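In UniProt numbering, the protein residues as written are 1 to 337.
We put the CB at the ideal spot given by N, CA and C, even for glycine.
As the structure is a prediction and not an experimental result, all values here were calculated from the model.
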């Protein structure tokens with residue numbers, strides 16, 4: 001049985017918080033009890049749940065957090081609290097969790113995922129975003145091979161979530177509902193690690209891009225600002241572009257620098273210093289970064305982009321796409337910043 005606390009580490013082993021395109025997912029703490037209670041104490045929120053009572057008293061919320069943290073310490077449960085990345089101090093968007101469960105007829109415990117989204121955020125795709133991030137973490141980092149979900153048949157929103165996650169119907173099940181004082185009929189859905197990873201590869205095809213850190217005689221680095229009309233317009237990036245089929249990264253970068261900046265670079269003037277790997281919403285980007293100190297011609301933007309020569313220690317002052325940011329430390333180390 002996978003240990004759901006196995007990823008609790010520090011330094012390079014630190015996994016949390018998980019991040020998605022819109023959310024930060026951090027491990028549950030005692031400080032979250034009141035914020036969670038305020039969001040969940042709503043008849044519409046608990047309508048399709050088995051374990052959340054209404055009204056939801058403050059002492060009940062505190063007790064739930066304490067019990068959950070104890071199970072988390074034992075590796076039997078993992079609960080993450082989601083907040084919007086652009087409003088980190090706002091109340092949570094929701095919670096998502098994994099827990100080990102065993103039915104009387106189960107040969108072994110199963111890993112089950114559960115989630116809820118605050119009413120103010122319904123209909124915006126947050127449940128899928130949270131669940132997909134946690135399943136990915138469970139599969140890649142915790143060694144989970146199969147994840148189940150159980151939901152009431154009349155819960156159409158949750159049914160849409162499990163279908164968008166690629167889960168398949170496993171059959172009916174009776175579920176204990178302590179908050180209702182009975183058992184309820186539910187639908188079982190499941191997803192294997194293999195199916196999840198295959199779906200992720202199909203959903204996010206690999207895109208290869210080559211980028212260059214042009215360094216002038218004063219030790220400054222060239223950044224280009226993405227022009228209006230392009231994705232991530234207004235952000236600063238290292239110049240470069242996509243590889244054509246079968247094209248080596250060095251050749252692609254030389255071609256892109258000529259097209260974008262009207263300069264000629266020789267292959268021997270490119271030195272690889274690192275690479276980025278980042279999952280965007282619709283593709284996974286792999287981007288090697290090459291340092292270049294020598295080129296021919298007068299640098300002139302050809303695609304309407306703004307340029308800036310930036311001191312290495314000031315690179316973080318320029319908002320960048322998520323894939324470019326992790327390349328800054330390697331470049332600063334190279335330049336002694």
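- In this structure, residue 25 places its C-beta atom within 8 Å of the C-beta atom of residue 133.
- If you check the CB distance, residue 276 and residue 324 come in under 8 Å.
- Note that the C-beta distance between residue 263 and residue 257 is below 8 Å.
- Unbroken alpha helix (DSSP H) runs of no fewer than 4 residues, entirely contained in the stretch 215-263, are found at 249-261, following chain order.
- Cβ contact annotation for residue 182 (same chain, cutoff 7 Å, sequence separation greater than five): none.
- Taking residue 53 as the centre and dropping the five residues before and after it, the same chain places the C-beta of 46, 60 and 179 closer than 8 Å to its C-beta, in chain order.
- Minimum Cα-Cα distance from residue 38 among the listed residues 231, 227 and 93 corresponds to 93.
- Remark: C-beta atoms of residue 207 and residue 240 do not approach each other more closely than 8 Å.
- Taking 4 residues as the minimum length, the alpha helix (DSSP H) runs contained wholly in the stretch 149-185 are 156-164, in order along the chain.
- Counting C-beta atoms within 10 angstroms of its own C-beta, residue 150 has 16 or more neighbours from the protein chains shown and is therefore classed as buried.
- The C-alpha of residue 48 lies about 20 Å from the C-alpha of residue 65.
- The alpha-carbon separation between residue 22 and residue 274 amounts to approximately 26 Å.
- With 16 or more other Cβ atoms from the protein chains shown falling within 10 Å of its own Cβ, residue 238 counts as buried.
- Boundaries of the alpha helix (DSSP H) harbouring residue 196: 193-203, taken from the DSSP string.
- For residue 139, the uninterrupted alpha helix (DSSP H) run begins and ends at 126-141, by DSSP.
- In this structure, the beta-carbon distance from residue 285 to residue 278 falls below 8 Å.
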